[in-house]
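J.: Positions in the sequence shown are counted from 1; adding 498 to them yields my numbering.
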Amino acid sequence: MPGSLVHRTVGSFQSPFRCRSIQMAKIPIGLQLFSVRGECEKSLPAALRATAEAGYAGAEPWGYSGEALEWMGHPAKEIRKMYDDNGLVCCGIHLTTGALLGDNLARTIELNQTLGNRFLIIAADSQRMARRDTIMELAKILNDAAEKLHPLGMFAGYHAHGFDFAKVDGEVAWDTLFSNTRPEVIMQMDIGNCAMGGGDPIGTLRKFPGRAKSVHLKDYGGPPDSVIGEGTADWPTIFQLCEETQGTEWYVVEEGSRDGMGFEIPRRSLQALRRMGK
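1) Quick check: the Cα distance between Thr612 and Glu568, rounded to an integer number of angstroms?
2) Can you name the start and end residues of the alpha helix (DSSP H) that Gln686 belongs to?
3) Which of helix, strand or coil does DSSP assign to Ser519?
4) Out of Asp688, Leu739, Ile639 and Ala770, which has the shortest C-alpha to C-alpha gap to Phe653?
5) Check Gln625 in the structure and name its three-state DSSP category.
6) From the DSSP output, read off the bridge partner residues of Lys665.
7) Would you mind sorting Gly719 into buried or exposed? The rule is 16 or more other CB atoms within 10 Å of its CB.
8) By the 10 Å Cβ neighbour count, where 16 or more other Cβ atoms means buried, how is Pro764 classified, buried or exposed?
9) Could you pull out every residue in the same chain whose Cβ sits closer than 6 Å to the Cβ of Gly637, ignoring the five residues on either side in sequence?
10) Determine which residues share a DSSP beta bridge with Val713 and list them.
11) Suppose you measure from the CA of Ala693 to the CA of Pro699; what does that come to, to the nearest Å?
12) Report, in whole angstroms, the separation of the C-beta atoms of Gly585 and Ala550, which I expect to be a contact under 8 Å.
13) Using C-beta distances below 6 Å, list every residue in its chain close to Ser519, excluding the 5 sequence neighbours before and after it, in chain order.
14) Rounded to a whole number of angstroms, what is the C-alpha to C-alpha distance between Ile619 and Pro559?
15) Report the three-state DSSP secondary structure of Ser510 (helix, strand or coil).
16) Between which two residues does the beta strand (DSSP E) holding Gln744 run?
17) Would you report the Cα separation of Gln738 and Gly590, rounded to the nearest angstrom?
18) In the DSSP assignment, what are the bridge partners of Ile633?
19) Can you round the beta-carbon distance between Trp733 and Met774 to whole angstroms, since I take them to be within the 8 Å contact cut?
20) Excluding the 5 residues preceding and the 5 following Ala566 in the sequence, name in chain order all residues of the same chain whose CB lies nearer than 8 Å to its CB.
21) Looking at the unbroken alpha helix (DSSP H) that takes in Glu576, where does it start and where does it end?
22) Can you tell which of Phe761, Thr743 and Lys711 has the C-alpha that lies nearest to the C-alpha of Val725?
23) For Gly600, tell me which candidate among Asp642, Asp623 and Thr632 has the shortest Cα-Cα distance.
24) Expressed to the nearest angstrom, what Euclidean distance is found between the alpha-carbon atoms of Gln687 and Glu752?
25) Only counting the same chain, and skipping five residues up and downstream in sequence, which positions put a Cβ closer than 8 Å to that of Leu503?
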């Protein structure tokens with residue numbers, strides 16, 4: 499790993515809490531850009547501008563593999579300028595598992611230091627989450643990455659999908675993973691994915707306090723194209739847990755059209771959250 503990387507710490511990163519107390523600040527709200535992937539593929543600068551115009555404070559890229567210092571065909575420094583020009587914070591990134599392995603890890607760190615992002619989240623790993631021995635392998639990958647990231651003020655983590663809540667050898671796979679990872683490994687709960695996969699998002703948040711520094715907001719049980727607040731999620735309890743027991747630093751909306759085009763659903767979701775006082 500290049501020597502320059504290990505000397506750049508959390509002070510290099512953007513903070514949504516600049517000039518105010520963390521305890522007194524509202525948790526900022528970002529958008530997972532997969533929600534508008536079609537717009538990003540059409541024009542990343544325009545998509546980030548629209549994200550900011552919709553009222554989001556941050557944006558979370560998806561699908562980064564660690565193979566190059568670029569995303570969506572744009573160099574990291576260029577992407578950082580797009581964020582800065584629109585007053586956005588890079589509030590996390592979704593990775594392949596391979597982005598945390600071997601030579602890819604150094605590139606992943608460098609790209610995210612350039613973007614000012616601290617949260618390096620594996621988006622999904624259905625193969626490793628299917629058996630206990632491979633869940634333990636994934637736990638080791640996360641633990642090893644977390645140990646290397648800690649001196650840099652960065653965090654590794656894993657994002658929830660429905661399959662993560664199946665039982666493997668008598669235990670919920672998600673529980674096995676987070677019972678065997680370091681306390682600083684981020685549990686990026688996705689409320690809708692968890693519930694739709696048969697999990698209990700509230701029970702899981704209670705079981706693992708302090709792990710959900712970043713939480714994906716997605717409702718469930720509502721009609722097609724419904725947004726946050728139009729389903730059956732118990733948002734008051736979820737928000738209370740995030741704010742009182744989890745140390746949540748970012749809420750990230752992952753709600754969009756089926757083809758990832760347009761900003762209507764992300765805009766409506768944020769408006770709904772504002773009506774809830776968020």
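Ideal placement from N, C-alpha and C gives every residue a C-beta, glycine not left out.
Please read all numbers here as calculations on a predicted model, not as lab measurements.
T.: For this structure:
1) Against the sequence shown, residue 612 aligns to sequence position 114. Against the sequence shown, residue 568 aligns to sequence position 70. Answer to the nearest angstrom: the Cα atoms are 10 Å apart.
2) Mapped onto the sequence shown, residue 686 falls at position 188. Premise fails: Gln686 lies in the beta strand (DSSP E), Ile684 to Gln686, not in any alpha helix (DSSP H).
3) Against the sequence shown, residue 519 aligns to sequence position 21. Confidence at Ser519 is low in this model, with a pLDDT of 39, below 50, so the placement of that residue should be treated as unreliable; the coordinate-derived value is given next. DSSP places Ser519 in coil when its eight states are reduced to three.
4) Translated into positions along the sequence shown, residue 653 becomes position 155. Of the candidates Asp688, Leu739, Ile639 and Ala770, the one whose C-alpha sits nearest the C-alpha of Phe653 is Ile639.
5) To locate residue 625, count along the sequence shown from 1; it is residue 127. DSSP places Gln625 in coil when its eight states are reduced to three.
6) Taking the first residue of the sequence shown as 1, we reach residue 665 at position 167. Answer by DSSP bridge pairing, in chain order: Val670.
7) Indexing the sequence shown from 1 puts residue 719 at position 221. Its Cβ having fewer than 16 others within 10 Å, Gly719 is exposed.
8) Within the sequence shown, residue 764 is the residue found at index 266, counting from 1. Pro764 should be labelled buried.
9) The residue labelled residue 637 in the question sits at position 139 within the sequence shown. Going by the sequence as given, residue 637 is Ala instead of Gly. Only Leu675, Asn678 and Thr679 meet the Cβ criterion.
10) Counting from one through the sequence shown, the residue named residue 713 turns up at place 215. DSSP output for Val713 lists Tyr749 as bridge partner(s).
11) The residue labelled residue 693 in the question sits at position 195 within the sequence shown. The residue labelled residue 699 in the question sits at position 201 within the sequence shown. Approximately 6 Å, taken between the alpha carbons.
12) In the sequence shown, residue 585 corresponds to position 87, counting from 1. In the sequence shown, residue 550 corresponds to position 52, counting from 1. Indeed they touch by this definition, with Cβ atoms about 6 Å apart.
13) As a working note, residue 519 is residue 21 in the sequence shown. Low local confidence applies: a pLDDT of 39 at Ser519 is under 50, so the model's placement there is unreliable, and no value is given.
14) Position 121 of the sequence shown, counting from 1, holds the residue named residue 619. Position 61 of the sequence shown, counting from 1, holds the residue named residue 559. Near 10 Å, if we compare the C-alpha coordinates of Pro559 and Ile619.
15) As a first step, residue 510 must be located in the sequence shown, where it is residue number 12. In this prediction, Ser510 scores a pLDDT of 48, lower than 50, which makes its location untrustworthy; the coordinate-derived value is nonetheless stated afterwards. Three-state DSSP puts Ser510 in a helix.
16) Looking up residue 744 in the sequence shown gives position 246. Counting along the chain, Gln744 falls outside any beta strand (DSSP E), and DSSP gives it neither H nor E.
17) For the purposes of this step, residue 738 is taken as residue 240 along the sequence shown, with counting starting at 1. For the purposes of this step, residue 590 is taken as residue 92 along the sequence shown, with counting starting at 1. The alpha-carbon atoms of Gln738 and Gly590 are separated by roughly 22 Å.
18) Within the sequence shown, residue 633 is the residue found at index 135, counting from 1. In the DSSP output, where bridge partners are listed per residue, Ile633 has none listed.
19) The count along the sequence shown starts at 1 and reaches residue 733 at position 235. The count along the sequence shown starts at 1 and reaches residue 774 at position 276. Yes, they are in contact, since the Cβ atoms of Trp733 and Met774 sit about 6 Å apart, within 8 Å.
20) Residue mapping note: residue 566 aligns to position 68 of the sequence shown, counting from 1. Within the same chain, Ala566 has close Cβ partners Arg605.
21) Residue numbering aside, residue 576 sits at position 78 when the sequence shown is read from its first letter. Segment Ala574 to Asp583, the alpha helix (DSSP H) holding Glu576.
22) Counting from one through the sequence shown, the residue named residue 725 turns up at place 227. Ranking the options by Cα distance to Val725, first place goes to Phe761.
23) For the purposes of this step, residue 600 is taken as residue 102 along the sequence shown, with counting starting at 1. Checked all of Asp642, Asp623 and Thr632; the closest Cα to Gly600 is Asp642.
24) Mapped onto the sequence shown, residue 687 falls at position 189. Mapped onto the sequence shown, residue 752 falls at position 254. According to the sequence displayed, residue 687 carries Met and not Gln. If you take the alpha carbons of Met687 and Glu752, they lie about 12 Å apart.
25) Here the question's residue 503 lines up with position 5 in the sequence shown. Any reading at Leu503 must be qualified, since the residue scores a pLDDT of 44, below 50, and its modelled position is unreliable; the value itself is stated next. Within the same chain, Leu503 has close Cβ partners Ala604, Ile607, Glu608, Gln611 and Leu650.
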